[in-house]
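J.: Attaching a single structure in structure tokens format; questions to follow.
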Amino acid sequence: TRNAELVRYIAKSLKYHVVSFDFQGNGESGGLTTIGNLDDEAENLRCVISYVRSTLEREILGICGHSKGAAVVLLYASKYNDVPLVVNISARYDYASSDYIEKFFSDKLEQLKKDGFFVWGSDYIVRQEDLDARQKIDMSCVRNINNERVRVLTVHGSKDEVCPVDGAYIYDELIGPEPHHKLIVIEGANHSFNEQEDTLLKAVESWLSENHSWYLGQ
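Quick note: to get the numbering used here, add 57 to the position in the sequence shown (first position is 1).
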């Protein structure tokens with residue numbers, strides 16, 4: 058959610074005006090969410106972008122997301138190619154692997170077989186169809202990002218325990234090379250960049266600064 062510690066830190070520290078929001082069914086936003094609804098969340102993002110442009114009458118320099126939110130901004134960029142700078146912080150690449158399910162939900166699988174669902178966290182209902190939808194997510198769609206109109210930064214921790222850093226290198230192969238895509242792997246950083254938040258922020262700020270002039274020249 059937008060109140061996650063890392064998200065709040067980045068939003069308040071960047072030297073830009075920032076719009077931060079919760080996807081449907083998360084945080085303070087109404088509606089329903091599932092574990093594999095990246096397409097729905099990309100459309101949420103599209104609505105926010107449309108609002109900023111049409112109602113607030115502001116230009117949008119970039120979009121940034123962390124973890125699932127980072128996968129959403131990449132998906133959005135691959136579909137619409139209308140925001141020049143995209144910051145991917147720790148997005149997963151391989152959704153087809155069952156490793157994630159076995160790692161985080163192994164103690165819930167019996168309940169899933171018995172009841173058809175289980176509750177994750179305090180109130181997150183997960184059904185088999187949600188897990189199936191999640192495993193069908195194909196992030197190779199980033200090939201569709203138009204590198205004449207969009208540039209991408211990927212920042213990932215080398216010790217990410219949630220989304221393997223291997224995915225960051227695949228994104229680099231599919232979107233790169235520089236200046237179209239820049240990959241920064243922060244040595245020793247975990248998924249939430251605990252004690253490495255400043256290093257992450259400096260990487261993002263530096264890249265935005267480097268590419269701001271490119272955006273202005275478009």
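Every residue, glycine too, gets a C-beta built ideally from N, C-alpha and C.
Keeping to the same chain, check which residues put their C-beta closer than 8 Å to that of aspartate 229; ignore five residues upstream and five downstream.
T.: If we look at aspartate 229 and ignore the five residues flanking it on each side, its Cβ neighbours are Thr211, His238, Leu240.
J.: In the DSSP output, which residue or residues are listed as bridge partners for tyrosine 181?
T.: In the DSSP output, where bridge partners are listed per residue, tyrosine 181 has Trp177.
J.: Have a look at Tyr157, Pro236, Lys216 and flag the residue whose alpha-carbon is nearest the alpha-carbon of histidine 269.
T.: Nearest of Tyr157, Pro236, Lys216 to histidine 269, Cα basis: Pro236.
J.: Measuring CB atoms only, is the segment 202-221 touching the segment 148-163, in the sense that at least three cross pairs come out at less than 8 Å?
T.: The segment 202-221 is in contact with the segment 148-163.
J.: Can you give, in chain order, each stretch of the beta strand (DSSP E) that sits fully within the segment 76-146 and has at least 3 residues?
T.: List check, beta strand (DSSP E) in window: 119-123, 142-146.
J.: Just reading off the alpha helix (DSSP H) that glycine 214 is part of, what are its end residues?
T.: No alpha helix (DSSP H) contains glycine 214, which is instead part of the beta strand (DSSP E) from 208-214.
J.: For glutamine 192, which residues from the same chain have a beta carbon less than 7 Å from its beta carbon, with the 5 sequence-adjacent residues on both sides left out?
T.: Excluding positions up to five away in sequence, the list reads Tyr152, Ala153.
J.: For arginine 103 and aspartate 189, I'd like the C-alpha separation in whole angstroms.
T.: One C-alpha to the other measures close to 25 Å.
J.: Check the DSSP bridge columns for isoleucine 241 and list the partner residues they point to.
T.: Isoleucine 241 pairs with Val212.
J.: DSSP on aspartate 229, reduced to helix/strand/coil?
T.: Helix.
J.: Following the continuous alpha helix (DSSP H) through lysine 165, name the residue where it begins and the one where it ends.
T.: Careful: lysine 165 lies outside any alpha helix (DSSP H) and carries neither H nor E.
J.: Out of Tyr150, Ala134, Asn201, which one is the CA nearest neighbour of valine 143?
T.: Comparing Cα positions, the closest option is Ala134.
J.: Indicate whether the contact test is met: 3 or more Cβ pairs, each with one atom in the segment 165-178 and one in the segment 240-250, closer than 8 Å.
T.: At 8 Å Cβ cutoff, the stretches do not touch.
J.: Where does arginine 200 land, buried or exposed, given buried means 16+ other C-beta within 10 angstroms?
T.: Exposed, because fewer than 16 other Cβ atoms sit within 10 Å of the Cβ of arginine 200.
J.: Hey, glycine 122 and valine 109: beta-carbon distance below 8 Å or not?
T.: Going by C-beta atoms, glycine 122 is not nearer than 8 Å to valine 109.
J.: So valine 76 and valine 140 are in contact, right, with Cβ under 8 Å, and what is the actual spacing, rounded?
T.: The Cβ separation is near 12 Å, so there is no contact.
J.: For asparagine 204, which residues from the same chain have a beta carbon less than 6 Å from its beta carbon, with the 5 sequence-adjacent residues on both sides left out?
T.: Closer than 6 Å at the Cβ level, and outside the excluded window around asparagine 204, lie His237.
J.: Could you check the C-alpha separation between serine 263 and isoleucine 232 for me, to the nearest Å?
T.: Each residue's Cα considered, the two are about 20 Å apart.
J.: Pick from Lys125, Tyr66, Ser215, Leu169: whose alpha carbon is nearest that of arginine 149?
T.: Cα-wise, what sits closest to arginine 149 is Lys125.
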